[in-house]
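Structure first, then comments.
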Amino acid sequence: MPQVSLTVNGKPASVEVEGRTLLVELLREKLGLTGTHVGCDTSQCGACVVHVDGMAVKSCTMLALSANGATVTTIEGLAAADGTLHPMQEMFREHHALQCGFCTPGMVMAAIDLVNSHPEGLTEEQIRHGLEGNLCRCTGYHNIVKAISAAWPLMHQKGLPVAAE
Amino acid sequence: MYDFAFQTPASVADAVKLLADPEARPLAGGQTLIPVLKQRLNKPTTVVDLSRLGLSGITVSGTTLTIGATTTHRTVARSAEVKQLIPALAALAGMIGDPAVRYRGTIGGSLANNDPTADYPSAALALGATIKTSARSIAADEYFQGMFATALQPGEIITAIEFTAPEKAAYEKFSNPASRYAMVGVFVARGPKGVRVTVTGAGQNGVFRHTAFEAALSKSWSPDALNGIATPVDSMNADIHGSAEYRAHLVGVVAKRAVAKTL
């Protein structure tokens with residue numbers, strides 16, 4: 006079987022996979038990182054969003070072998086070693102931006118990328134458009150939008166690490 | 344998903360060799376192919392990864408814009424060169440799918456697949472683009488041959504797409520709220536190729552030129568010039584998302600919005 010070598014949350018990993026193995030299957034089933042979720046079979050829900058070489062992608066729509074040599078960050082890789090949450094996670098908690106929590110890992114990963122991609126600022130409209138690839142069936146999105154708005158200054162002005170990558 | 348062998352060629356020549364196998368399928372960004380494989384709608388024995396062929400990048404020469412086949416939608420959407428020379432093309436790329444899809448999906452993949460609801464075919468046809476492949480150059484007028492059908496021969500891969508800047512152009516679409524694909528997308532352009540209006544998402548045979556709209560806009564470039572000009576209902580697609588009559592109506596509405604964007 007082919008081998009894929011990559012760095013996940015700062016740790017090197019080398020795993021045997023099939024050609025058809027999806028990145029999300031590698032993360033969940035081979036590496037035990039079950040924080041990344043699979044919410045649909047049609048690449049629409051975004052629960053599986055992770056960062057691959059700094060890009061927020063749907064790990065259910067990328068082959069594991071396509072990630073050979075890549076640096077991957079999942080929801081498990083965001084908090085600091087002492088448990089301090091990433092500002093986006095903290096703002097999701099602060100603003101009650103989750104209810105059942107199923108979409109949250111993908112939401113947080115997509116939200117961090119959205120903030121990183123807009124150093125010039127983010128309007129509410131841009132945030133709502135930026136979440137088009139992430140579905141939430143509990144919150145109605147309102148508090149997610151608030152949390153992302155609140156995380157923007159924390160990530161850009163206080164000089165915190167933009168993403169724990 | 345059925346299993347397959349995964350190959351990562353390092354040159355276009357090697358990719359073409361691997362794709363000589365009729366059971367092999369090329370993989371660009373995978374934002375269409377992987378969902379198709381997951382549904383078991385396709386069963387290749389080999390998947391040939393095109394992402395490491397060095398086909399990504401944007402170059403400008405005078406009024407000619409050349410975009411490498413594996414350039415992602417995100418890169419096109421945010422490119423200063425594209426925004427300056429053909430802002431409508433950058434805007435279109437920024438409307439494809441969602442941010443995660445735009446990080447992976449590519450212009451060459453979109454044109455090779457020629458999904459009847461994809462966005463890029465409308466721009467390529469309206470702007471009279473040239474599709475450069477591993478074997479030749481194909482004019483957009485000859486390239487699009489119906490739903491999921493193109494002039495590409497088996498094993499032939501797109502290497503780049505060449506656009507000439509128009510005087511004015513805009514793209515507008517009415518998206519399916521779940522998939523973000525175009526229910527109706529209209530690209531309007533006025534330039535060296537004359538006035539061209541192309542429609543994606545709506546037609547039974549994929550992207551098409553709306554010649555009645557072109558004639559009207561040639562006389563007067565304004566949204567009102569399209570008043571009262573019908574779109575033939577019997578050539579429209581119909582599905583659970585919208586009837587043929589609904590789509591035919593939307594074509595007019597969306598075309599007017601596109602023209603208004605250029606004013």
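So the sequence lines, in the order shown, correspond to chains E and C.
Per the numbering used here, the first sequence runs over residues 6 to 170.
Per the numbering used here, the second sequence runs over residues 344 to 606.
Built from N, CA and C at the ideal position, the CB exists for glycine as well.
Query, Result
"Thr605(C): first and last residue of the uninterrupted alpha helix (DSSP H) it sits in", "Ala587 to Thr605"
"Cβ distance (whole Å) where Val602(C) is taken to contact Ser565(C) below 8 Å", "7 Å"
"Residues near Tyr446(C) by beta carbon distance below 7 Å, same chain, minus five either side", "Thr415 and Arg417"
"Opposing strand residues paired with Thr415(C) [DSSP bridges]", "Thr449(C)"
"Extent of the continuous beta strand (DSSP E) to which Gln350(C) belongs", "Ala348 to Gln350"
"DSSP-derived helix/strand/coil call for Arg552(C)", "strand"
"Below-8 Å beta-carbon distance, Leu162(E) vs any chain C residue", "Reading off the sequence, residue 162(E) comes out as Gln, not Leu. Judged by the 8 Å Cβ criterion, Gln162(E) is not in contact with chain C."
"CB contact check: Glu170(E) to chain C, cutoff 8 Å", "Summary for Glu170(E): the model assigns pLDDT 40, below 50, so the residue's position carries little reliability; its value from the coordinates is reported in the next sentence. No, no contact with chain C."
"CB contact below 8 Å: Pro365(C) versus chain E", "no"
"Contacts that Asp118(E) makes with chain C (C-beta to C-beta distance below 9 Å)", "Pro442, Ala443 and Tyr446"
"Inter-stretch contact at 8 Å, needing at least 3 Cβ pairs: the segment 92-99 of chain E / the segment 125-138 of chain E", "no"
"Interface partners of Gly528(C) on chain E, CB under 9 Å", "Under the 9 Å cutoff, chain E gives no residues; its nearest Cβ is about 16 Å from Gly528(C)."
"Residues bridged to Asp582(C) [DSSP beta-bridge criterion]", "Gly585(C)"
"Exposure of Asn14(E), with buried meaning 16 or more beta-carbon neighbours within 10 Å", "buried"
"Residues near Ala420(C) by beta carbon distance below 6 Å, same chain, minus five either side", "Ala433, Ala436 and Gly437"
"Reduced DSSP secondary structure (H/G/I, E/B, other) of Thr473(C)", "strand"
"The segment 406-413 of chain C in contact with the segment 148-161 of chain E per 3-pair CB rule at 8 Å", "no"
"Assigned exposure category for Gly546(C) - 16 Cβ within 10 Å defines buried", "buried"
"Per DSSP, the bridge partner or partners of Asp392(C)", "Leu370(C)"
"Glu137(E) in three-state terms, based on DSSP", "coil"
"Beta carbon proximity, Ile377(C) to chain E, threshold 8 Å", "yes"
"Min CB distance Phe349(C) to chain E below 8 Å", "yes"
"Beta strand (DSSP E) segment containing Ile401(C), residue limits", "Ile401 to Ser404"
"Inter-stretch contact (C-beta, 8 Å, three-pair minimum) for the segment 136-154 of chain E and the segment 49-67 of chain E", "yes"
"Beta-carbon spacing of Thr543(C), Thr413(C) below 8 Å", "no"
"Unbroken alpha helix (DSSP H) run spanning Lys360(C), endpoints", "Val355 to Leu361"
"Cα-Cα separation, Leu165(E) to Gly59(E)", "Below a pLDDT of 50, predicted positions are generally treated as unreliable, and Leu165(E), at 49, falls in that range; no measurement from the model is reported."
"Short-range partners of chain C found in the segment 69-90 of chain E, where Cβ spacing is below 7 Å", "Leu70 and Ser71"
"Contact belief for Gly111(E) with His56(E) at Cβ below 8 Å, rounded distance in angstroms", "With 8 Å as the limit, Gly111(E) and His56(E) do not qualify as a contact, their Cβ atoms being about 11 Å apart."
"Sub-8 Å separation of Glu366(C) and Thr351(C) beta-carbons", "no"
"Cβ-based contacts, 9 Å cut-off: residues of the segment 137-157 of chain E near chain C", "Glu137, Gly138, Asn139 and Leu140"
"Residues from the segment 49-63 of chain E in contact with chain C, defined by Cβ distance under 8 Å", "Gln49, Gly51, Val54, Met60, Ala61, Val62 and Lys63"
"Range of the contiguous alpha helix (DSSP H) that encloses Leu435(C)", "Pro430 to Ala436"
"Nearest candidate by alpha-carbon position, reference Asn148(E), set Thr109(E), Gly37(E) and Asp118(E)", "Thr109(E)"
"Beta carbon of Thr300(C) nearer than 8 Å to that of Asn457(C)", "Past the edges of chain C, shown from 344 to 606, lies residue 300(C), and the structure says nothing about it."
"Residue from Arg368(C), Gly549(C) and Leu470(C) whose Cα sits closest to the Cα of Leu384(C)", "Arg368(C)"
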